[in-house]
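One structure is given below, encoded as structure tokens.
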């Protein structure tokens, strides 16, 4: 059983397009997160949701819009994609302030 | 602000060598400390953690001790294997409502047979 899953695993698209990445967790956790890993492997948090409520928004451009339809899902929609958005995006989940569990990542390449 | 500093890689070792990856942190409070591992092409997995000073986290032969006096959380393993080749991330978190992880830059470990 996959605890935290993301789709798609790979995403190649053109500049200016709009795309979405989906995340689902079956751990019963109430908090979910999006992290961005750049080409140098540096990881930084983007957003977190607790019980569908936005908790963290770390100075991310407003082209990025997270949406949490329920506690088990946190999707990331990106408008007007730019070259600099190319990265690996990781979803994670936890039970409130407990240990975070990460998904396998979505590798986004903007051409 | 809070931050985590890791030794730069890559670290290249022969199989069965002793491993140390240094990690130091700057924190305004008393965070929990973590080591995550990322195998090639995969996501992050929690390797070990420690929640307070002098705690030792351990897993799969790896261990790290939370040292408040030196603000360090160095990762060690007595005998590495080729299968340990991965990127290792040190991180801190205060838990609470935000619970965000602040990561170091990662250290690539390459173990040669």
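Residue numbers (my numbering), protein chains in the order written: chain X, 1 to 111; chain P, 1 to 113.
All C-beta atoms, glycine included, are put in the ideal place defined by N, C-alpha and C.
Remember, predicted model here, so these are calculated numbers, not experimental data.
Put simply, the CB of residue 52 of chain P is far from chain X, with every gap to its CB atoms at 8 Å or more. Here residue 88 of chain P is near residue 75 of chain P, since their CB atoms are less than 8 Å apart. Comparing alpha carbon positions, the residue from X:105, X:83, X:49 and X:75 closest to residue 13 of chain X is X:83.
The C-beta distance from residue 38 of chain P to residue 44 of chain P rounds to 5 Å, short enough to meet the 8 Å contact threshold.
Within the region 59-92 of chain P, the complete beta strand (DSSP E) segments of 3 residues or longer fall at 62-65 and 75-77, listed in chain order. No Cβ of chain X is located within less than 8 Å of the beta carbon of residue 92 of chain P. Between the region 96-107 of chain P and the region 36-54 of chain X there are three or more inter-stretch CB-CB distances shorter than 8 Å, so the stretches are counted as touching. The beta carbon of residue 100 of chain X sits closer than 8 Å to some beta carbon of chain P.
Taking residue 20 of chain X as the centre and dropping the five residues before and after it, the same chain places the C-beta of 75, 76, 77 and 78 closer than 8 Å to its C-beta, in chain order.
Residue contact with chain X for residue 100 of chain P: present (Cβ-Cβ distance below 8 Å to some residue of chain X).
Taken in chain order, the unbroken stretches of beta strand (DSSP E) that lie wholly in the region 38-94 of chain X and span 3 residues or more are 43-50, 53-57, 64-70, 73-78 and 87-94. Under the 10 Å beta carbon count, residue 10 of chain X is surrounded by fewer than 16 other beta carbons and is classified as exposed. The C-beta of residue 42 of chain P comes closer than 8 Å to at least one C-beta of chain X.
No residue range can be given for residue 105 of chain P, since it is assigned to no beta strand (DSSP E) and is classified by DSSP as neither H nor E.
Counting C-beta pairs with one atom in each stretch, the region 80-97 of chain P and the region 16-23 of chain P have three or more that are closer than 8 Å, which means they touch. In the structure shown, residue 111 of chain X falls within a coil segment according to DSSP collapsed to helix, strand and coil.
Assignment of beta-bridge partners to residue 24 of chain X by DSSP yields X:5 and X:73. If you draw a 10 Å sphere on the C-beta of residue 66 of chain X, you find 16 or more other C-beta atoms in it, and that means buried. In the assembly as shown, residue 108 of chain X is a buried residue. Its beta-carbon has 16 or more other beta-carbons within 10 Å. In this structure, DSSP gives residue 103 of chain X a state outside helix and strand, which the three-state scheme calls coil.
For residue 12 of chain P, same chain residues with a beta-carbon under 6 Å away, outside a window of 5 residues either side, are 110 in chain order. Residue 103 of chain X is classed as buried because its beta carbon has at least 16 other beta carbons within 10 Å across all chains shown. Note that the C-beta distance between residue 35 of chain X and residue 90 of chain X is below 8 Å. As the crow flies, the alpha-carbon of residue 5 of chain P is around 8 Å from that of residue 26 of chain P.
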